[in-house]
Amino acid sequence: NNHITIQRQLLCCLFRENRSMNRENFQSRLGFILVSAGCAIGIGNVWKFPYIAGKGGGGAFVLCYLIFLVILGLPVMTMEFAVGRASQKSPVKAYQALEKPGQKWHIHGYITVIGCYLLMMFYTTVSGWMLHYFYLTATGKFTGLDADQVGGVFNEMLSQPLVMAFWMIVVVAIGIFVCSRGLQNGLEKITKVMMIALLAIMVVLAINSIMMDGAAEGLKFYLIPDFERMKELGIGYTIVTAMNQAFFTLSLGIGAMAIFGSYIGKERSLLGESANIAILDTFVAIVSGLIIFPACFTFGVSPTSGPSLIFITLPNIFNHIPMGRLWGSLFFIFMTFAAFSTVLAVFENIISCMMELTGWSRKKSSLVNLFGIILLSLPCVLGYNVWSWDGFSIFGGAVLDLEDFLVSNILLPLGSLVYLLFCTSRYGWGWKNFKAEANTGKGFKMQEWMRVYLSYILPLMILFIFGYGIYDKFFA
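All residue numbers in the sequence shown are consecutive under the working numbering, ending with 595.
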């Protein structure tokens, strides 16, 4: 009996070793943190967070945001990582490895792939905008233009499908090429350099902005809590906005984080790793405000939300400051890196899922997705010109807005709810299994007292976010 037991143990060890050898892994913990943070960090951190923070009472909004980031974002991110690490599978197959026989949780695995494709159908185009504006700024195309002419450049770009398609294809081609080289030699190596450069550029840009004449007024508006301004907007509205921003900033619910959980070892607990990623994401969001508000207040312009801030207001500012061409080029390189880090992370998810679904090699999956993602991204490009239609006005005016609505308001919150229920319900993977996986390794641990909150209160909060998003879009 002892002999048989030893043989079984050896066979189990060999099986685990073989599975580990076949599964790619991050070369370092830093690589995992930077790649995961890169996935979370996106253009929303730059063109949305500073504006809503300033409008919502500055430091008062930031405080609400940080609270909701801890009680909303961290638990769901930890659950995504746990599902990935325990299953050692991509999101499309992860549920099948953990669910009980006969259960249907794995259906959400297929929906996560759809979500990733849908996200890339518009995110690649917006990333192309950043590259295009870097090119325009670096080559001096804005030099000598007045404010109206700078604004006209953005509208001119939207009216030219060939220009937008070119930059979109460049983004897709570079992203697929990087991911085709493998996890360590492609995604991890490039993202490490890109993210470190992004953080360095942000610090340089922030220091430059803080030296401007209107910096004190801008920083006061941005960082000092102003509860009167918060009341003007509505305390309830500000709190809900902070909740939404904290939830959506981490790109949870479509398996974008689960895939990276499948690439890491058991040395560190997952709550601690989630906290590190959330800190980096928050750093980028807050420093973006340090870049934008001093510049806006120095030149007396409103820090408006959305594309107009990035593509109209800031190029005008760079046009009127010393060495503006340099600072503008650095800014759009920073924006390109912020967008591209998300593109690379989601491409890795898509390629990995396709490999597991079809048995294809990484090279073949990359090649098929190169053409597939380009074709799927064309409606977003054409939605501003050839395929423009008034029917999209309820979503914002273009195909991009419809695609963004489907991802942000439906797939992310409902997908997060599925991960949450799977990890806490006895009809899913279950609390004990999740807690054991999440707490394996050094670092912060999930506590037993958290179970009631995660099982009964957090699902209601996510349902509220989902319901509010639908109400705000169609009925407000």
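Glycine included, every Cβ here is placed at the ideal spot set by N, Cα and C.
According to the Cβ coordinates, are valine 312 and leucine 306 closer than 8 Å? no
State the start and end residues of the unbroken alpha helix (DSSP H) segment that holds lysine 564. First-last for lysine 564: undefined, no H or E at that position.
Which partner residues of arginine 570 appear in the DSSP bridge assignment? In DSSP, arginine 570 forms no bridge with anything.
Leucine 428 and alanine 292 closer than 8 Å at C-beta: no
DSSP has arginine 387 in a bridge; who is on the other side? Lys561
Suppose only complete runs of 4+ residues qualify. What are the alpha helix (DSSP H) ranges in the stretch 492 to 560, listed by chain order? 518 to 524, 531 to 543, 550 to 557
Compare the Cα-Cα distances from leucine 255 to each of Thr559, Ser448, Ser574, Ile529 and report the closest residue. Ser448
If you draw a straight line from the alpha carbon of lysine 551 to that of serine 544, how long is it in whole angstroms? 10 Å
Segment contact flag, the stretch 395 to 410 with the stretch 242 to 259, C-beta cutoff 8 Å, min 3 pairs: no
Compare the Cα-Cα distances from alanine 375 to each of Cys183, Ser574, Gly228, Phe524 and report the closest residue. Gly228
When you compare the CB positions of tyrosine 170 and proline 422, do they come within less than 8 Å of one another, or not? yes
Please classify isoleucine 576 as buried or exposed, where buried requires at least 16 neighbouring CB atoms within 10 angstroms. exposed
For a test of the three-state rule: what should DSSP assign to valine 312, helix, strand or coil? helix
Evaluate methionine 442 with the Cβ neighbour count: other Cβ atoms within 10 Å of its Cβ, from every protein chain shown; 16 or more gives buried, anything less gives exposed. exposed
For leucine 98, the nearest candidate out of Val462, Asn363, Ala555 (CA to CA): With the chain running from 120 to 595 in the structure shown, residue 98 is simply not present.
Rounding to the nearest angstrom, what Cα-Cα distance links serine 206 and asparagine 327 in this structure? 46 Å
Look up valine 368 in the DSSP assignment and say whether it is helix, strand or coil. With the sequence shown as reference, residue 368 is identified as threonine, and valine is not the correct amino acid for it. Threonine 368 falls in the coil class under three-state DSSP.
Cβ-Cβ separation, glycine 562 to serine 388 (assumed contact under 8 Å), whole Å: 4 Å
Would you identify the three-state DSSP class for lysine 300, choosing helix, strand or coil? It is arginine, not lysine, that sits at residue 300 in the sequence shown. Three-state DSSP puts arginine 300 in coil, outside helix and strand.
Evaluate contact between the stretch 155 to 168 and the stretch 353 to 373, counting only Cβ atoms and requiring at least three cross-stretch pairs below 8 Å. yes
Give every residue of the same chain whose Cβ lies closer than 7 Å to the Cβ of glycine 176, excluding the five residues on either side of it in the sequence, and list them in chain order. Pro344, Asp345, Phe346, Arg348, Met349, Thr357
By the three-class DSSP mapping on this structure, what secondary structure does alanine 397 have? helix
Tell whether a beta-carbon distance below 8 Å holds between phenylalanine 379 and valine 537. no
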